[in-house]
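>
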Amino acid sequence: MNEKVHALLNQQINKEFYSAYLYLQFSNYFKAKSLDGFANWYMIQAQEERDHALLFYQYLQNNNMSVTLGAIDGPTQNFDSNMAVLEAGLAHEIYVTSLINDIYAAAYEVKDFRTMQFLGWFVKEQGEEETNANDLISKMELFGSDPKSLYMLNQELGTRVYTAPSLVL
Ligand code: FEO
Numbered sequence: 003m004n005e006k007v008h009a010l011l012n013q014q015i016n017k018e019f020y021s022a023y024l025y026l027q028f029s030n031y032f033k034a035k036s037l038d039g040f041a042n043w044y045m046i047q048a049q050e051e052r053d054h055a056l057l058f059y060q061y062l063q064n065n066n067m068s069v070t071l072g073a074i075d076g077p078t079q080n081f082d083s084n085m086a087v088l089e090a091g092l093a094h095e096i097y098v099t100s101l102i103n104d105i106y107a108a109a110y111e112v113k114d115f116r117t118m119q120f121l122g123w124f125v126k127e128q129g130e131e132e133t134n135a136n137d138l139i140s141k142m143e144l145f146g147s148d149p150k151s152l153y154m155l156n157q158e159l160g161t162r163v164y165t166a167p168s169l170v171l
């Protein structure tokens with residue numbers, strides 16, 4: 003495997019674990035506000051991010067490439083509103099999309115078709131992640147300022163259940 007592609011794939015393990023950590027913090031934020039539905043939604047998001055990290059880990063191992071695990075940064079802690087959390091989530095997903103695109107571009111450059119195929123799932127996944135984050139912001143804009151509607155939205159988000167990723171390596 004090309005050295006740059008290898009390094010970027012290895013780095014992405016850390017980025018995905020950071021994402022899990024960030025969403026765990028979001029879950030923690032909402033739990034402290036007794037918005038358990040939101041807390042549930044972000045807890046599942048955190049689980050998905052852990053899965054993403056493990057997919058990169060597994061992909062490198064399956065290709066006999068070394069894995070180096072680095073320190074995970076502390077997540078952003080301070081938010082002055084519920085909406086600020088949701089917006090930080092969207093901004094983070096846009097950033098992750100750019101990282102996936104960078105790895106894809108590096109793989110494309112050296113004709114690493116196997117890595118491009120592997121990353122194809124993540125390209126699609128990032129589209130969905132951004133859509134979900136945007137939808138949540140739209141709902142919050144519509145319902146977030148009225149306590150009754152916020153309660154209903156919280157109930158709705160509480161119904162989200164974890165499903166394992168559709169990509170199996
Ligand atoms: Fe693993 Fe939310 O991207």
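Mapping to my numbering: the sequence shown position 10 is 12, numbers consecutive. From the three backbone atoms N, C-alpha and C, an ideal C-beta is built for every residue, glycine too. Quick caveat: nothing in here was measured; it's all calculated off a predicted structure.
#1: Which residues in the same chain have their Cβ closer than 7 Å to the Cβ of I139, if we skip the five residues on either side of it in sequence?
#2: Quick check on DSSP: helix, strand or coil for N80?
#3: Please state whether DSSP places N64 in a helix, a strand or coil.
#4: Where T165 and M45 are concerned, what is the direct C-alpha to C-alpha distance, given to the nearest angstrom?
#5: For I15, does the three-state DSSP call read helix, strand or coil?
#6: Is DSSP giving K113 helix, strand or coil here?
#7: Beta carbon of N42, beta carbon of G160: below 7 Å?
#8: How is D75 classed by DSSP in three states: helix, strand or coil?
#9: Is the beta carbon of V98 within less than 6 Å of some heavy atom of ligand 1?
Quick look at the numbers:
#1: L88, E89 and L92
#2: coil
#3: Three-state result, N64: helix.
#4: Whole-angstrom Cα-Cα distance: 12 Å.
#5: helix
#6: coil
#7: yes
#8: The answer is coil: DSSP assigns D75 none of H, G, I, E or B.
#9: Inclusion of V98 in the 6 Å shell around ligand 1 follows from its C-beta lying nearer than that to a non-hydrogen atom of the ligand.
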